[in-house]
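Numbering (the working numbering), first residue to last: 160 to 260. Think of the CB as a built atom: it goes at the ideal place given N, C-alpha and C, for glycine as much as any other residue. Remarks on the structure that follows.
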């Protein structure tokens, strides 16, 4: 059909590692907050925001290099629906954390 799927061991794997890393940094920030460690909380949130921005940028790159569009059948629709809502979730979370700082 002319649709080349994205190799999951390239950009998607990198984005997965970035997301897991941001989970570690926000957990570190949370534990620092519970212990009253203000610097640890700020550093953890800063790195979480940084990783979220990197993730969002790489997600945009993934969209531009894909060989299919949202109108290319079920694969394109599912891909852009799933990744789009997840990207929106990351953007909203980044905005909330940034405003909270």
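(request) Whole angstroms is fine: what's the gap from residue 250's alpha carbon to residue 242's? (result) 12 angstroms
(message) Between 167, 218, 184 and 259, which has its C-alpha nearest residue 207's C-alpha?
(response) 184
(message) Tell me whether the stretch 216-227 and the stretch 182-198 touch, counting them as touching only if at least three CB pairs, one residue from each stretch, are closer than 8 angstroms.
(response) no
(request) From the DSSP output, in three-state form, read off residue 198 for me. (result) helix
(request) With DSSP collapsed to three states, give me the class of residue 228. (result) coil
(request) Give the DSSP-derived three-state secondary structure of residue 168 in the structure shown. (result) coil
(request) Within the same chain, show all residues whose beta-carbon is closer than 8 angstroms to that of residue 257, passing over the 5 residues directly before and after it, in chain order. (result) 208
(request) Within its chain, find whatever has a CB closer than 6 angstroms to the CB of residue 180; leave out the 5 residues flanking it on each side and keep chain order. (result) 210
(message) By the DSSP assignment, the alpha helix (DSSP H) with residue 247 in it spans what residues?
(response) 233-259
(message) Taking the straight line between their C-alpha atoms, what separation do you get for residue 194 and residue 172?
(response) 33 angstroms
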